[in-house]
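Student: Below is a structure I'd like to ask you about.
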Amino acid sequence: MADFPHLRLTRKLFGAYNFPSGGNNKKGDETIANLANRSSHGNALKSQINNLRDSWVQHLEERKRNGLPDIFSKDIKPIYLQVDLDSFTLESLRHWGIEILSEEDNGFIIGVSVDDFNSLADKIEQFLNNTGTYKNTAAKLWQINDGVIWRLEHILTPELSQKWDQIIDDEEYNVYAGIACYSFVKDYPEKKTLSDEAYQVKIAAWEAERNNTLEARDEESFNRQDEFDRLIDLYSGEKISGYIDFNDSFYVSFRIVGKGLKDIALSYQYLYELGEINSYKLPTATSDTYIEINPDLIPPEATDPKICIIDSGIQERHRLLEGAIDFGSSTSFIAHDSDVNDKVVGGGHGTKVAGAVLYYNSIPRTGQHTLPFWIQNARVLDEHNKLPVGTDPAKLMIDVTNRFAESRIFNLSIAEERAFSGTHMPAWAATIDKISVEQDKLFIVSTGNISLSSSIAGHPGLREILASGPPYPDFLYDILANSISSPGISAFSLAVGSVCIGEFDNPDKKSFGHRDEPSSFTRTGLGLWDMIKPDVVEYGGDFVYEKLGNQLISNEESISPELVCSTRGGHSAVSKHSVGTSFATPKVTHIAGWLNKNFPQLTTSSYKALIVQSARLPENKWRNPSLTDLKCMGYGIPSLERATQNTANRITFLSEGEVNPKSADVFMVKVPTAINRPGLDNEILIEITLDFKTPVRRTRKYTKSYLASWLSWEISTPDEGYNEFCDRVIKSIDNPLINGGGRGAMQWTIFNRGNNGIVRDVKRQDSTTQKDWAIISSNKLPEEFSLAVVGHHGWEKDIKKKIPYSIVISFEALDTTIPIYELFEIENRVTVEQEVTIQS
-14 MADFPHLRLT
-4 RKLFGAYNFP
6 SGGNNKKGDE
16 TIANLANRSS
26 HGNALKSQIN
36 NLRDSWVQHL
46 EERKRNGLPD
56 IFSKDIKPIY
66 LQVDLDSFTL
76 ESLRHWGIEI
86 LSEEDNGFII
96 GVSVDDFNSL
106 ADKIEQFLNN
116 TGTYKNTAAK
126 LWQINDGVIW
136 RLEHILTPEL
146 SQKWDQIIDD
156 EEYNVYAGIA
166 CYSFVKDYPE
176 KKTLSDEAYQ
186 VKIAAWEAER
196 NNTLEARDEE
206 SFNRQDEFDR
216 LIDLYSGEKI
226 SGYIDFNDSF
236 YVSFRIVGKG
246 LKDIALSYQY
256 LYELGEINSY
266 KLPTATSDTY
276 IEINPDLIPP
286 EATDPKICII
296 DSGIQERHRL
306 LEGAIDFGSS
316 TSFIAHDSDV
326 NDKVVGGGHG
336 TKVAGAVLYY
346 NSIPRTGQHT
356 LPFWIQNARV
366 LDEHNKLPVG
376 TDPAKLMIDV
386 TNRFAESRIF
396 NLSIAEERAF
406 SGTHMPAWAA
416 TIDKISVEQD
426 KLFIVSTGNI
436 SLSSSIAGHP
446 GLREILASGP
456 PYPDFLYDIL
466 ANSISSPGIS
476 AFSLAVGSVC
486 IGEFDNPDKK
496 SFGHRDEPSS
506 FTRTGLGLWD
516 MIKPDVVEYG
526 GDFVYEKLGN
536 QLISNEESIS
546 PELVCSTRGG
556 HSAVSKHSVG
566 TSFATPKVTH
576 IAGWLNKNFP
586 QLTTSSYKAL
596 IVQSARLPEN
606 KWRNPSLTDL
616 KCMGYGIPSL
626 ERATQNTANR
636 ITFLSEGEVN
646 PKSADVFMVK
656 VPTAINRPGL
666 DNEILIEITL
676 DFKTPVRRTR
686 KYTKSYLASW
696 LSWEISTPDE
706 GYNEFCDRVI
716 KSIDNPLING
726 GGRGAMQWTI
736 FNRGNNGIVR
746 DVKRQDSTTQ
756 KDWAIISSNK
766 LPEEFSLAVV
776 GHHGWEKDIK
786 KKIPYSIVIS
796 FEALDTTIPI
806 YELFEIENRV
816 TVEQEVTIQS
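For what it's worth, the numbering used here labels the leading residue of the sequence shown as -14, then goes sequentially.
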């Protein structure tokens, strides 16, 4: 590995970035119609408000008649309304006396009126009379739901909504709630024509006001939590988790009887999400073949990384695992069962995962083998391979990371049984994101598996799909129910899907796919808000099905991964009888472990960036991929070799840094003249990956509203010099052209707009890990490339808060005889970084 190490990028510039202008004041068709029918629309809104006020009063009176205490303020009334998002800023709803609880689809807002609709009624009167500052704004308010039953449709999760009519008053349920608590902070002040001294005074005043606002928000959070606690206590309920804060809301799980659950759903004003805690079950193995092994295993060094396996426990005294187990840390998180052993039948589950983390694709039979890292055992699944009833997975993630604080890498081969279908980041995934940011952890998670069989309407299993269609591989991406499960959709985790190891075809049975094609069970993307998920895929195997008769589905050893198995019940120590994304995921964790071992000083963002940078779609796809390819395989199959080292014909530069919103770090890579001289026509692959982390919130939609701040990257074009690039990026980007502007743009694969690049309808900046690649002729390479990491603000108004990132760029000659590494290394010997002042 030392022969071709990754090199450091040279940072050339720290400066201000003027963003392209965004948004517009274009009015929607309905807004235009409302302005033309002022009286009709205004009176309809007045009627809706009056009906809504009456509905809420009647609801509270009914509670009182049922003997329930009057614990809800009569002035704080829930509201569900639709606004024109093309010309209306959601934050401005506070001027209408409305606190936003949650942003939903198509401009719908869950909120509360904090003043009994008085401010809202006043704006409607101005609209009706065509007078006053807000005389036209009510046209942008399209409709108001005038009842309270809407809460059952829009606050309940789909799973809880389906069973709502069967909720029994005196039966206990394990549920969770999302409760909004958001405080508006003004934008960071602009300097404009102010003197430096006057600007500092203005900033100090803004900071004091911001701090007061956040302190008031904390106090209000405690008040709402106390109020919710009283509501749980009213029905003799019990909290499962503590309150988890997501900056604009908090989350809590609890047990409560059905009568209390119904009351909370309809009555608690600040509620925006209510769901049931599911018991997640993973598939188990079907058969076994005995294999003899007897290697000489050497334990890891004391300083080697510790990787935490969150699973069903591990057979810790297994001859292939014992030498790597960190026995002193092993913990069971299952109530009333402190045993950390893997009790799952069919060779276990966590044991198989641990073996794949240690050995990747090569389990030693004989000879000497040094174990690369330590394995920590967090048992969370019971003997049935499921989370015990009443377990809150969000709280579980906090408990596990607190217990295993030394670990930086966590393998989570557990997922919900169904695809995620909500609007907001679910609590399990959001908690993983929160931990990833606050503790610099990397969670490597599975995308989940499509069930072998299912009787749930709208959620067919493979047997039902095989019987009625659509055919493979169409069903992977044509059936919405086969999308990625939570927590695989989390923004900062590394989500792993599965591809086939090989193919099988005999007179009786046939595999679904061929080698390097998506496995028949792998769940597919895109992820929430069109994030590219899965991030990568690994070899998790495939099923076979009968060609005739009942078309039964089964395992086939020749196309299943070889795994270390629990010998409990007489099973072989190694076998090939299990498939699933559960076993693809730890192979990626193996790569992460080596990165942690070789580069302990790097952040986990760099580990994720290097894994994604190393990934490549199959040979027949990576030059010209489709959106379907990205949905099924993300960025492709990662490579341990590309992630950890280079070759004579490939070189990788990496840099870690922090950048503020509305600023940019600019790097430079010089191209050797021996590579780009006229007359040469060699194909050069350029790959770039950016990864970053930032605090999150849960009540808004889309990546850029979920994140406190976000980053993107820009690269110069072959015809664009360093100064021209800086001038374009730093000073005057108002209307970016293809590739962000510049002359002679390259053809990137994904690009930063959905209508450019080879793959359409997806944008790299919708993800927190942003990879792209292009192939260019060597004689068209410029003398130098400039690469900018650009900061944008999301919901965080303080632009002084930095965003940590890792940026990676690789150059690879597809002709393996060209010594790119040596030539680029000499040309880019690192010089002292200098800060450059940009004159605006």
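Ideal Cβ placement from N, Cα and C applies to all residues, glycine included. Here the structure is a predicted model, which means the values were calculated and not measured.
1) May I ask you to list the residues that DSSP assigns as paired with M65?
2) Please classify I538: is it buried, with 16 or more other beta-carbons within 10 angstroms of its beta-carbon, or exposed?
3) Taking Q353 as part of the beta strand (DSSP E), name the residues at either end of that continuous run.
4) Determine the burial state of G443: buried for a count of at least 16 other Cβ atoms within 10 Å of its Cβ, exposed for fewer.
5) Classify Q536 as helix, strand or coil using the three-state DSSP reduction.
6) Just mark L595 as buried or exposed, buried being the case when its beta carbon has 16 or more other beta carbons within 10 Å.
7) Going by beta-carbon coordinates alone, are L548 and A341 separated by less than 8 Å?
8) I'd like the span of the alpha helix (DSSP H) that includes M618, first residue to last.
9) Taking buried to mean at least 16 other C-beta atoms within 10 Å of its own C-beta, is A309 buried or exposed?
10) Given a threshold of 16 other Cβ atoms within 10 Å of its Cβ, counted over all protein chains shown, does I283 qualify as buried or as exposed?
11) Who are the Cβ neighbours of H561 in its own chain at under 6 Å, not counting the five residues just before and after it?
12) So, at 7 Å on beta carbons, what are the nonlocal neighbours of G578 in its own chain, with the 5 sequence-adjacent residues on each side left out?
13) Would P503 pass as a contact of L461 if the rule is Cβ separation under 8 Å?
14) Which residue wins for smallest C-alpha separation from A123, given the options D131, R50, F112?
15) Enumerate in chain order the residues of its own chain whose CB-to-CB distance from L670 is below 7 Å, with the five nearest sequence positions on each side excluded.
16) From this set, D384, E15, R136, which residue's C-alpha is nearest W41's C-alpha?
17) Pair every Cβ in the segment 763 to 775 with every Cβ in the segment 655 to 671, then say whether three or more of these pairs are closer than 8 Å.
18) Nearest CA to the CA of S640: which residue from Q630, S475, F652, S648?
19) Compute the Euclidean distance between the alpha carbons of K62 and M410, then round it to the nearest angstrom.
20) Keeping to the same chain, check which residues put their C-beta closer than 8 Å to that of I464; ignore five residues upstream and five downstream.
21) Just to confirm before moving on: does the CB-CB distance between S238 and Y161 stay below 8 Å?
22) Going by DSSP in three states, L305 sits in which element: helix, strand or coil?
23) Does DSSP put H139 in a helix, a strand or coil?
24) Is it the case that the Cβ atoms of Q630 and S697 are separated by a distance below 8 Å?
25) Do the segment 771 to 790 and the segment 687 to 703 meet, that is, are 3 or more Cβ pairs less than 8 Å apart?
26) With H, G and I counted as helix, E and B as strand and the rest as coil, what does DSSP make of Q300?
27) Helix, strand or coil for V849 per DSSP?
28) Kindly indicate which three-state DSSP category R683 falls into: helix, strand or coil?
29) Put L834 into one of helix, strand or coil per three-state DSSP.
30) Taking Y790 as part of the alpha helix (DSSP H), name the residues at either end of that continuous run.
31) Work out the CA separation of G227 and D(-12) for me, nearest whole Å.
32) Run through the segment 643 to 693 for me and flag every whole alpha helix (DSSP H) of 4 or more residues, listed as ranges in chain order.
33) Leaving aside the five residues before and after S323 along the sequence, list all residues of the same chain whose C-beta is less than 6 Å from its C-beta, in chain order.
34) By DSSP's criteria, E769 is part of a beta bridge. Which residues make up the other side?
35) Mark G245 as exposed unless 16 or more other C-beta atoms lie within 10 angstroms of its C-beta, in which case mark it buried.
36) Taking the alpha-carbon positions, what's the R685 to E88 distance?
Tutor: The answer reads as follows:
1) In the sequence shown, counting from the first residue as 1, residue 65 sits at position 80. Just to set this straight, residue 65 is Tyr in the shown sequence, not Met. I95.
2) Along the sequence shown, read from residue 1 onward, the residue named residue 538 stands at position 553. The residue is buried, with at least 16 neighbouring Cβ atoms inside 10 Å.
3) The residue you call residue 353 lines up with position 368 of the sequence shown. Note, Q353: beta strand (DSSP E), 353 to 355.
4) As a working mapping, residue 443 is identified with position 458 in the sequence shown. With fewer than 16 Cβ atoms within 10 Å of its Cβ, G443 is classed as exposed.
5) Here residue 536 refers to the residue found at position 551 when the sequence shown is read from its first residue. Looking at Q536 - three-state DSSP - the assignment turns out to be coil, as it is neither helix nor strand.
6) As a first step, residue 595 must be located in the sequence shown, where it is residue number 610. L595 comes out buried.
7) Numbered from its first residue, the sequence shown carries residue 548 at position 563. Numbered from its first residue, the sequence shown carries residue 341 at position 356. Yes, Cβ-Cβ distance for L548 and A341 is below 8 Å.
8) By 1-based counting over the sequence shown, the position of residue 618 is 633. Segment 612 to 618, the alpha helix (DSSP H) holding M618.
9) Against the sequence shown, residue 309 aligns to sequence position 324. When all chains shown are included, A309 counts as buried.
10) Translated into positions along the sequence shown, residue 283 becomes position 298. So I283 counts as exposed.
11) Here residue 561 is taken as the residue at index 576 of the sequence shown, counted from 1. The question names His, but residue 561 in the sequence shown is Lys. Answer for K561: E542, S545, E547, listed in chain order.
12) The sequence position of residue 578 within the sequence shown is 593, counting from 1. Within the same chain, G578 has close Cβ partners P290, I292, V342, P357, F358, I394.
13) Looking up residue 503 in the sequence shown gives position 518. Looking up residue 461 in the sequence shown gives position 476. Yes, they are a contact pair.
14) The count along the sequence shown starts at 1 and reaches residue 123 at position 138. For A123, the nearest C-alpha among the options comes from F112.
15) Residue 670 sits at position 685 when you count from the first residue of the sequence shown. Around L670: W758, I760, E797, L799.
16) Sequence index remark: in the sequence shown, residue 41 carries index 56 (1-based). Among D384, E15, R136, the Cα nearest to that of W41 belongs to R136.
17) yes
18) Sequence index remark: in the sequence shown, residue 640 carries index 655 (1-based). Cα-wise, what sits closest to S640 is F652.
19) In the sequence shown, the residue the question calls residue 62 occupies position 77. In the sequence shown, the residue the question calls residue 410 occupies position 425. Straight-line Cα distance between these residues: approximately 25 Å.
20) Residue 464 sits at position 479 when you count from the first residue of the sequence shown. Correct list, in chain order: P445, I450, P455.
21) Taking the first residue of the sequence shown as 1, we reach residue 238 at position 253. Taking the first residue of the sequence shown as 1, we reach residue 161 at position 176. Yes; because the gap between Cβ atoms is below 8 Å, this pair is in contact.
22) In the sequence shown, residue 305 corresponds to position 320, counting from 1. Note: L305 maps to coil in three-state DSSP.
23) What you label residue 139 is simply residue 154 of the sequence shown in a count that begins at 1. H139 falls in the helix class under three-state DSSP.
24) Mapped onto the sequence shown, residue 630 falls at position 645. Mapped onto the sequence shown, residue 697 falls at position 712. No, these two residues do not count as a Cβ contact at 8 Å.
25) yes
26) In the sequence shown, counting from the first residue as 1, residue 300 sits at position 315. Note: Q300 maps to coil in three-state DSSP.
27) Coverage of the chain is limited to positions -14 through 825, which leaves residue 849 absent and any answer about it impossible.
28) For the purposes of this step, residue 683 is identified with residue 698 of the sequence shown, where counting begins at 1. The answer is coil: DSSP assigns R683 none of H, G, I, E or B.
29) Residue 834 falls outside the range modelled here, since the chain spans only -14 to 825, and no answer is possible.
30) The count along the sequence shown starts at 1 and reaches residue 790 at position 805. Premise fails: Y790 lies in the beta strand (DSSP E), 788 to 798, not in any alpha helix (DSSP H).
31) The residue given as residue -12 occupies position 3 in the sequence shown. The residue given as residue 227 occupies position 242 in the sequence shown. Computed Cα separation, rounded: 51 Å.
32) 658 to 661, 688 to 691
33) By one-based count along the sequence shown, residue 323 stands at place 338. S317.
34) Within the sequence shown, the letter at position 784 stands for residue 769. The partner list for E769 (beta bridge, DSSP) reads K655.
35) Taking the first residue of the sequence shown as 1, we reach residue 245 at position 260. With 16 or more Cβ atoms within 10 Å of its Cβ, G245 is classed as buried.
36) As a first step, residue 685 must be located in the sequence shown, where it is residue number 700. As a first step, residue 88 must be located in the sequence shown, where it is residue number 103. Using only the alpha carbons, I get a separation of about 5 Å.
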